[in-house]
Amino acid sequence: MGMTMTQKILAAHAGLREVRTGQLVECKIDLALGNDITAPLAINEFERTGAEEVFDRDRIALVPDHFVPNKDIASAAQARQMREFARKHNITHYFEVGRMGVEHALLPEQGLVAPGDLIIGADSHTCTYGALGAFSTGVGSTDLASAMATGRAWFRVPPAIRFELTGKPGPYVGGKDVILHIIGMIGVDGARYASMEFTGDGIASLTVEDRLCMANMAIEAGAKNGIFPADALATGYALERAHRPGTAYAADEDAEYIETHVIDLSKVEPTVAFPHLPDNTRTVQEAEALQIQIDQAVIGSCTNGRIEDMRAAAGILKGRRVHENVRLIVIPATQEIWQQCVHEGLMDVFVDAGAAVSTPTCGPCLGGHMGILAEGERAVATTNRNFVGRMGHPKSEVYLASPPVAAASAVAGIVCGPEYLSKEGATE
Amino acid sequence: MKLKGKAHVYGEHVDTDVIIPARHLNTTDPSELAKHCMEDIDEGFVARVQKGDFIVAGRNFGCGSSREHAPVAIKASGVSCVVAESFARIFFRNAINTSLPVIECKEAAREARPGHDMEADLKEGVLKNLTLGRTYAIEPLPPFIQELIEAGGLVNYTRARLEKK
Numbered sequence: 426m427g428m429t430m431t432q433k434i435l436a437a438h439a440g441l442r443e444v445r446t447g448q449l450v451e452c453k454i455d456l457a458l459g460n461d462i463t464a465p466l467a468i469n470e471f472e473r474t475g476a477e478e479v480f481d482r483d484r485i486a487l488v489p490d491h492f493v494p495n496k497d498i499a500s501a502a503q504a505r506q507m508r509e510f511a512r513k514h515n516i517t518h519y520f521e522v523g524r525m526g527v528e529h530a531l532l533p534e535q536g537l538v539a540p541g542d543l544i545i546g547a548d549s550h551t552c553t554y555g556a557l558g559a560f561s562t563g564v565g566s567t568d569l570a571s572a573m574a575t576g577r578a579w580f581r582v583p584p585a586i587r588f589e590l591t592g593k594p595g596p597y598v599g600g601k602d603v604i605l606h607i608i609g610m611i612g613v614d615g616a617r618y619a620s621m622e623f624t625g626d627g628i629a630s631l632t633v634e635d636r637l638c639m640a641n642m643a644i645e646a647g648a649k650n651g652i653f654p655a656d657a658l659a660t661g662y663a664l665e666r667a668h669r670p671g672t673a674y675a676a677d678e679d680a681e682y683i684e685t686h687v688i689d690l691s692k693v694e695p696t697v698a699f700p701h702l703p704d705n706t707r708t709v710q711e712a713e714a715l716q717i718q719i720d721q722a723v724i725g726s727c728t729n730g731r732i733e734d735m736r737a738a739a740g741i742l743k744g745r746r747v748h749e750n751v752r753l754i755v756i757p758a759t760q761e762i763w764q765q766c767v768h769e770g771l772m773d774v775f776v777d778a779g780a781a782v783s784t785p786t787c788g789p790c791l792g793g794h795m796g797i798l799a800e801g802e803r804a805v806a807t808t809n810r811n812f813v814g815r816m817g818h819p820k821s822e823v824y825l826a827s828p829p830v831a832a833a834s835a836v837a838g839i840v841c842g843p844e845y846l847s848k849e850g851a852t853e
Numbered sequence: 524m525k526l527k528g529k530a531h532v533y534g535e536h537v538d539t540d541v542i543i544p545a546r547h548l549n550t551t552d553p554s555e556l557a558k559h560c561m562e563d564i565d566e567g568f569v570a571r572v573q574k575g576d577f578i579v580a581g582r583n584f585g586c587g588s589s590r591e592h593a594p595v596a597i598k599a600s601g602v603s604c605v606v607a608e609s610f611a612r613i614f615f616r617n618a619i620n621t622s623l624p625v626i627e628c629k630e631a632a633r634e635a636r637p638g639h640d641m642e643a644d645l646k647e648g649v650l651k652n653l654t655l656g657r658t659y660a661i662e663p664l665p666p667f668i669q670e671l672i673e674a675g676g677l678v679n680y681t682r683a684r685l686e687k688k
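Residue numbers (our numbering), protein chains in the order written: chain Y, 426 to 853; chain W, 524 to 688.
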């Protein structure tokens, strides 16, 4: 029986020629990641293991991004605990405020990811790196602690679901719409424990940013990981950023899939996930008909805070003003993206439109800070979760959407797509 | 060891954001986390929960964020066991690693109502709803996971391995 991309990467890191679905394997890990919320718990557990040193100071990434710049005294103490650990163990990839970014935007950008790598992170969106043909998955703090001590982690070899992408996406349709469409189709536990393997000719029309966004949200279908083949685009990105091509693993022709879905990208429409689950999806046109008024729009996060997302949002906002009843918060995901926004004049577009632009942080995505919602308030966000209370009060609401939809909604004051703005009477 | 307590019943897709909202993640102290366990979907939970009680839920319990604070908060609140139709994978892994007993059992999850008396014996592989007089067979955990639990969780397992070196 052939193997999937994921199974081949697990086999290679377990030192085995072959692995089968359901098998328990111990793998060498190439990189272990923690942040200012999960690393403090992991550091406590690391110390309980009795380890005196980390397994490899070059293979651990610690990123303060969730509650930084420190939102309160308790958060400051957690950030300090991680900083002190990084200093004590001389961790190479510790990224201080002012040099950091939202972890899953930062790591690929900083060249810490290449095809064929095996990466674990104490953050559920660690699955993002599958966009570059890596196996990456979220774990808890105790798993991170053990990995920091031993450089190894246990996995149950997952089955896979194949998503064969065909065609080209239409205007204002990107990775976010495709992945929301898929989650809407299979449900928030539709890929529970499985790999989501994206294949097909349609991949060629997806940018690296589209793929990062899609792999990022594999967890919202319950998946262990999401993965794309490492094609020329992914390998080129890795060469440019990581200065190494990595190893491209292709699925065997006779690899086993528990399900296959064919998705014609040309038929995917701009898609919005209504409260309170990411699978509660409608097309943006259906949303427009409901005239859902919003109080806030957030454009950023590990899902959609990359330069292409900033450009897409600015493309809509240029020459327009944010609706008088809406606060628009734009959060470029890394320092590099932030500066690129300056160079390209996007910052002027945002500020001229009446948006607030933040330093990189996860901030409002998880209801941390920088844009918390009051009772009854409603936001459109390019983030990844719209659970009860996710962005603030338990009686607030989050609608998940792409950067063009979030930008258009900020202008119109209701949940809508860019094309709505050009319709008669919709613009100011 | 027998686990015994009353059921607190929830629906499908209970996510880790409602188990412990992110606004409380500026601490790792289990007793502080326990004060806010389930507060966004069940305000009365913390006042009502008694030592030994069970959380019983539908599909995909613990979906969302990888925060290990979720099983930590549940355990520190006094809950002795979580029974669900199914679990999200990171939560399941974290529960094992932090030694919070978790049992996947469709029938038991569907039949339990708030306040039912539940009992589990993990060694014997038996789950009971005493109020209904029902006994359920529990799907055994994979042998490796049983080994991990017997070692006292992942940290103790790792410590033993480091000492062997």
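Cβ coordinates follow ideal geometry from the N, Cα and C atoms, glycine included.
For a contact meaning CB atoms closer than 8 Å, what does T474 of chain Y contact in chain W?
-> Close to T474 of chain Y, with beta-carbon spacing below 8 Å, are these residues of chain W in chain order: V678, T681, R682, L685.
Exposure label - P785 of chain Y; buried when at least 16 CB within 10 Å | Looking at its Cβ environment, which holds 16 or more other Cβ atoms inside 10 Å, P785 of chain Y is buried.
Who are the neighbours of R810 of chain Y on chain W, taking C-beta pairs under 9 Å?
-> For R810 of chain Y, the residues of chain W that pass the 9 Å Cβ criterion are D538, D540, G587, S588, in the order they occur in the chain.
Report the rounded CA-to-CA distance for I434 of chain Y versus V582 of chain Y, giving the unit in angstroms.
-> The alpha-carbon atoms of I434 of chain Y and V582 of chain Y are separated by roughly 10 Å.
Starting from the Cα of A737 of chain Y, find the closest Cα among Y:E665, Y:H686, Y:A831 and give me that residue.
-> The shortest Cα separation from A737 of chain Y among Y:E665, Y:H686, Y:A831 belongs to Y:A831.
Does the distance from the CB of A486 of chain Y to the CB of L543 of chain Y come in under 8 Å?
-> Contact: no.
In the DSSP assignment, what are the bridge partners of C841 of chain Y?
-> As far as DSSP is concerned, C841 of chain Y takes part in no beta bridge.
Neighbour flag for S609 of chain W against chain Y, beta carbons, 8 Å | By this cut-off, S609 of chain W is an interface position.
Determine the DSSP secondary structure at A673 of chain Y, reduced to helix, strand or coil.
-> A673 of chain Y falls in the coil class under three-state DSSP.
Pick from Y:P695, Y:V767, Y:E443: whose alpha carbon is nearest that of L825 of chain Y?
-> With respect to the C-alpha of L825 of chain Y, the residue from Y:P695, Y:V767, Y:E443 having the closest C-alpha is Y:P695.
Please name the residues in the stretch 491-507 of chain Y whose beta-carbon is closer than 7 Å to at least one beta-carbon of chain W, in chain order.
-> Against chain W - using a Cβ distance shorter than 7 Å - the residues of the stretch 491-507 of chain Y are F492, D497, A499, S500, Q503.
Taking just the CA atoms, how far does E822 of chain Y sit from N811 of chain Y?
-> Linking N811 of chain Y to E822 of chain Y through their CA atoms gives a straight-line distance of about 7 Å.
Would you call E853 of chain Y buried or exposed, if buried means 16 or more other Cβ atoms sit within 10 Å of its Cβ?
-> The predicted model places E853 of chain Y with a pLDDT of 45, which falls under 50 and marks its position as unreliable, so this point remains unresolved.
A611 of chain W by DSSP, collapsed to three states: which one?
-> Here A611 of chain W sits in coil by DSSP.
E792 of chain Y: contacting residues in chain W (beta-carbon distance under 8 Å) | Per the sequence shown, the amino acid found at residue 792 of chain Y is Gly instead of Glu. Those are D540, P544, A545, R546, listed as they occur along chain W.
Assumed close pair A640 of chain Y, I652 of chain Y - CB separation to whole angstroms, cut-off 8 Å | Contact flag correct, Cβ pair sits at about 7 Å.
According to DSSP, what are the bridge partners of N652 of chain W?
-> Per DSSP, W:M641, W:R657.
Quickly, what does DSSP pair L590 of chain Y with across the bridge? List them, please.
-> Partner(s): Y:I688.
Could you give the distance in angstroms between the alpha-carbon of G647 of chain Y and the alpha-carbon of H606 of chain Y?
-> Those two C-alpha atoms are separated by around 15 Å.
Identify whether H668 of chain Y lies in helix, strand or coil by the three-state DSSP scheme.
-> If DSSP states are grouped into helix, strand and coil, H668 of chain Y belongs with coil.
How many angstroms separate the CA atom of V522 of chain Y from the CA atom of A504 of chain Y?
-> Roughly 10 Å separates the two Cα atoms.
Do D576 of chain W and S603 of chain W have their C-beta atoms closer together than 8 Å?
-> The Cβ-Cβ distance between D576 of chain W and S603 of chain W falls below 8 Å.
Check the Cβ of T654 of chain W against every Cβ in chain Y and list those closer than 8 Å, keeping chain order.
-> Within chain Y, no residue comes near T654 of chain W; the closest Cβ sits about 28 Å away, beyond 8 Å.
D563 of chain W versus chain Y: which residues are under 8 Å apart at the beta carbon?
-> Neighbours of D563 of chain W on chain Y, chain order: V813, G814, P819.
Excluding five sequence neighbours on each side, which residues of the same chain lie with their C-beta closer than 7 Å to the C-beta of C560 of chain W?
-> Cβ within range, chain order: I542, I543, F568, V569, A596, I597, S600.
Could you confirm whether any beta carbon from chain W is found closer than 8 Å to the beta carbon of I462 of chain Y?
-> With 8 Å as the cut-off, I462 of chain Y counts as an interface residue toward chain W.
State yes or no: is the C-beta of A676 of chain Y within less than 8 Å of the C-beta of M430 of chain Y?
-> Yes.
Neighbourhood of H865 of chain Y by C-beta, 6 Å cutoff - its chain only, sequence neighbours within 5 removed | Chain Y is shown only over 426 to 853; residue 865 of chain Y falls outside these bounds and no answer can be derived.
Report all residues from its chain with a CB closer than 6 Å to the CB of F775 of chain Y; omit the five preceding and five following residues, and keep chain order.
-> Cβ within range, chain order: V755, V782.
Quick one: what does DSSP say H606 of chain Y is sitting in, helix, strand or coil?
-> It is helical.
Given that a residue counts as buried once 16 or more other Cβ atoms are within 10 Å of its Cβ, and exposed if not, what is E849 of chain Y?
-> Interpretation of E849 of chain Y is limited by its pLDDT of 49, a score under 50 that renders its predicted location unreliable; no figure is taken from the coordinates.
Grab me the residues of L637 of chain Y's own chain with a C-beta within less than 6 Å of its C-beta, minus the 5 sequence neighbours each way, in chain order.
-> So the list reads T553, A556, once near-sequence residues are dropped.
Under the rule that 16 or more other beta-carbon atoms within 10 Å means buried, what is L715 of chain Y, buried or exposed?
-> So L715 of chain Y counts as exposed.
A851 of chain Y to A806 of chain Y, Cα distance in whole Å?
-> Only weak support is given to the placement of A851 of chain Y: the predicted model assigns it a pLDDT of 48, under 50, and the value that follows is read from those uncertain coordinates. Take the alpha-carbon of A851 of chain Y and the one of A806 of chain Y: they are about 21 Å apart.
Any C-beta of chain W under 8 Å from that of A737 of chain Y | At a cut-off of 8 Å, the C-beta of A737 of chain Y has no neighbouring C-beta in chain W.
Within-8 Å CB hit, E470 of chain Y to chain W = Interface residue, yes.
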